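Read through the structure below, which is laid out as structure tokens, and then see the notes.
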Amino acid sequence: NPTAHHQSGPAHVPPREPACHQWVNWPMSSFEPRPEHHFTFGLWTVGNTGRDPFGHEVRPPLDPADAVHHLADLGAYGVNFHDNDLVPHGSTSAERARIITRFRTALDATGLKVPMATTNLFSLPVFRAGAVTANDPDVRRFAVAKTFDAIGLAAELGAEVYVMWGGREGVEAEAATDVRLALDRYKEAVDLCCEHIRHHGYGMRIALEPKPNEPRGDMFLPTVGHALAFIGELEWPDMVGLNPEFAHETMSGLNFTHAVAQALWHRKLFHIDLNAQRIGRYDQDFRFGSEGIRDAFHLVRLLESSGWDGMRHFDAHAYRTEDRDGVWEFARGCMRTYLILAEKARRFDDDPEIADALAVAGVADLALPTSPGGTGAEAREELRRAAAGLDEAALATRGHGHERLDQLVTELLLGVR
Ligand code: GCO
Ligand code: MN
Ligand code: MN
């Protein structure tokens, strides 16, 4: 029975912190990114060469050490990578050592950190029918061993979060995979990685990254909700959380801010991939805030007011139209937009008219328990008595002022307040 293997009772789960407003105190005025803002980029993001399914590369490859220097100049905190972004697949151990030394020298010179790393389990032809969920056990063993190596590389460079994105875990021909078995094997792979991390004392946490499709027709763990439920079935559920991505939930037509809020609520927001995406389009990975600016605002407001201390990672790339200068404009733009939206979020909280609209909408009242006396028999009776005395017609006819509140958000974002 794949589900009867562990006890993850609430006993060892830390108590949920109440929804809070703990603003990080950043001087915002200049919107200049600085390391303390904890912005990170993947080597694959600023290093994106513009290749797409229809066209060739338009930019030359970017040397990882150059990426480190440029990102540090721009005020980023860190850089993340897939194993093969840094060490090309098939490198000898001598080449590997030389590459890592060169990369480390750049990190030491700039102070840039490596907060997260991951494995490329999607580019090699061997993963064409899946990696850790391929039907073929040999392919799965190859994938898990590659992941162990990548976890070692991540640890070597100080990463505290290890992202697992199942780029090829999925199917086009529905009859070719039994989804329940695929989930057994997915769980097995995550359990193996947790044991590997524990055995070596790496102290790393794993963040699963859901995505509905692309490159596969349908991918396993398609949304944040699916992944949260999956974590409950793992051997080491406390070691595993989420790396939700703006584009991925948006591709599913879902509200990304709600997905992040629920991940926070479950204490499972371990990392985040920020970018921009329009519903119904291909996987766009645009500059943060370039589409869906209102969604981006609500997201930043959530992250900044929740006291979440994770990395603000951008998993995005410059438009294919851009040359190298455009790439750095892109990176700067992601960070500036985040800082501008964080400033807007503060203003939102300081604006007396918005405060009034929030009061009319009763936003703070959601924190009041429905049954202040708890769930016991007496409290339930008390709730009944209170309900019996209510004026249903009055409750049903009153307006909530959401139009005014929402328009105030628009006006704040359009810069007229
Ligand atoms: C994608 C994914 C990837 C992952 C990366 C880290 O849509 O291609 O978002 O960029 O985030 O592979 O695991
Ligand atoms: Mn993506
Ligand atoms: Mn991503």
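First residue of the sequence shown: -15, per the numbering used here; consecutive thereafter. Just so it is clear, CB atoms sit at the ideal spot from N, CA and C, and this is done for glycine as well. Quick caveat: nothing in here was measured; it's all calculated off a predicted structure.
For residue i, count neighbouring C-beta atoms within 10 Å of its own C-beta (all shown protein chains included) and say buried if the count is 16 or more, exposed if not.
| i | result |
| --- | --- |
| A378 | exposed |
| H184 | exposed |
| E365 | exposed |
| H255 | buried |
| F332 | buried |
| H297 | buried |
| D162 | exposed |
| G114 | buried |
| I181 | buried |
| D269 | buried |
| V400 | exposed |
| D375 | exposed |
| H73 | exposed |
| D390 | exposed |
| T381 | exposed |
| H299 | In the sequence as displayed, the identity of residue 299 is Asp instead of His. By the neighbour-count rule (16 or more Cβ atoms within 10 Å), D299 is buried. |
| G383 | exposed |
| E362 | exposed |
| R124 | buried |
| D69 | buried |
| V405 | The structure shown does not extend to residue 405, since the chain is modelled only from -15 through 401, so no value can be given for it. |
| G358 | exposed |
| L167 | buried |
| A351 | exposed |
| F314 | buried |
Note the first and the last residue of the continuous alpha helix (DSSP H) segment covering residue i.
| i | result |
| --- | --- |
| Y146 | First-last for Y146: 145 to 149, but that is the beta strand (DSSP E), not the alpha helix (DSSP H). |
| A413 | The shown model of the chain, from -15 to 401, leaves out residue 413, and the question about it has no answer. |
| G209 | 208 to 215 |
| E275 | It is not in any alpha helix (DSSP H) - E275 carries neither H nor E in the DSSP assignment. |
| Y301 | Sequence check: residue 301 is His here, not Tyr. Careful: H301 lies outside any alpha helix (DSSP H) and carries neither H nor E. |
| A175 | This sequence places Asp at residue 175; Ala is not what is there. Segment 163 to 184, the alpha helix (DSSP H) holding D175. |
| Y322 | 308 to 334 |
| D120 | From DSSP, D120 is part of no alpha helix (DSSP H); its letter is neither H nor E. |
| I84 | 77 to 94 |
| T394 | 386 to 397 |
| V42 | Counting along the chain, V42 falls outside any alpha helix (DSSP H), and DSSP gives it neither H nor E. |
| A372 | 361 to 372 |
| D269 | Counting along the chain, D269 falls outside any alpha helix (DSSP H), and DSSP gives it neither H nor E. |
| A377 | 376 to 381 |
| P48 | 48 to 58 |
Name the residue from the options whose alpha carbon lies nearest to the alpha carbon of residue i.
| i | options | result |
| --- | --- | --- |
| G273 | V63, A231, A127, V116 | A231 |
| K97 | Y61, N119, V116 | Y61 |
| D267 | D36, E20, P19 | D36 |
| S77 | G276, Y146, L137, E144 | L137 |
| A127 | E140, R112, A139 | R112 |
| A93 | H54, A166, R82 | H54 |
| N104 | I135, L141, G373 | I135 |
| A49 | S290, R200, W28 | W28 |
| P356 | G346, L367, V347, D349 | L367 |
| N239 | M188, T89, A260 | A260 |
| H301 | H21, T33, L58 | T33 |
| A51 | R86, L396, G142, G39 | R86 |
| L253 | A345, G59, R189 | R189 |
| S290 | T241, R316, L258 | T241 |
| R265 | E198, R278, Y322 | E198 |
| P99 | T24, R164, V110, E233 | T24 |
| R152 | R88, A280, Y170, G385 | Y170 |
| G276 | G294, D293, T394, H250 | T394 |
| L396 | D133, V208, R278 | R278 |
| L91 | P109, A372, L398, A56 | A56 |
| L141 | N64, D335, R271 | N64 |
| E20 | A129, L46, C178, D293 | D293 |
Just grab the DSSP bridge partners of residue i for me.
| i | result |
| --- | --- |
| V347 | Answer is none; V347 lacks a bridge partner. |
| T102 | H66, V147 |
| R296 | F23 |
| T203 | What sits at residue 203 in the sequence shown is Met, not Thr. G154. |
| L253 | L226 |
| K130 | Answer is none; K130 lacks a bridge partner. |
| L258 | F298 |
Answer yes or no: does any C-beta atom of chain C fall closer than 7 Å to that of residue i?
| i | result |
| --- | --- |
| D390 | Chain labels in this structure do not include chain C; a single protein chain is all it has. |
The beta strand (DSSP E) spanning residue i covers which residue range?
| i | result |
| --- | --- |
| I190 | 189 to 193 |
| V224 | 224 to 226 |
Please tell me whether, using a cut-off of 6 Å, the distance from the CB of residue i to the nearest non-hydrogen atom of ligand 4 is below it.
| i | result |
| --- | --- |
| E229 | Summarising the ligand content, the structure contains ligand 1, ligand 2 and ligand 3 and does not contain ligand 4. |
Does the stretch 214 to 231 touch the stretch 184 to 197, meaning 3 or more C-beta pairs lie closer than 8 Å?
Short answer: they touch.
Can you confirm whether the stretch 333 to 341 touches the stretch 302 to 318 when touching is taken to mean that 3 or more C-beta pairs between the two stretches lie within less than 8 Å?
Between the stretch 302 to 318 and the stretch 333 to 341 there are fewer than three C-beta pairs closer than 8 Å, too few to call the two in contact.
Is it true that the stretch 141 to 158 meets the stretch 214 to 223, where meeting means three or more beta-carbon pairs spaced less than 8 Å apart?
Because the criterion of three Cβ pairs below 8 Å is not met, the stretch 141 to 158 and the stretch 214 to 223 do not touch.
Decide yes or no for the touch test of the stretch 319 to 331 against the stretch 15 to 22: beta carbon pairs closer than 8 Å, at least 3 of them.
yes
Report yes or no: do three or more beta-carbon pairs, one from the stretch 205 to 220 and one from the stretch 284 to 294, lie closer than 8 Å?
no
Sufficient close CB pairs (3 or more, under 8 Å) joining the stretch 200 to 207 to the stretch 245 to 263
no
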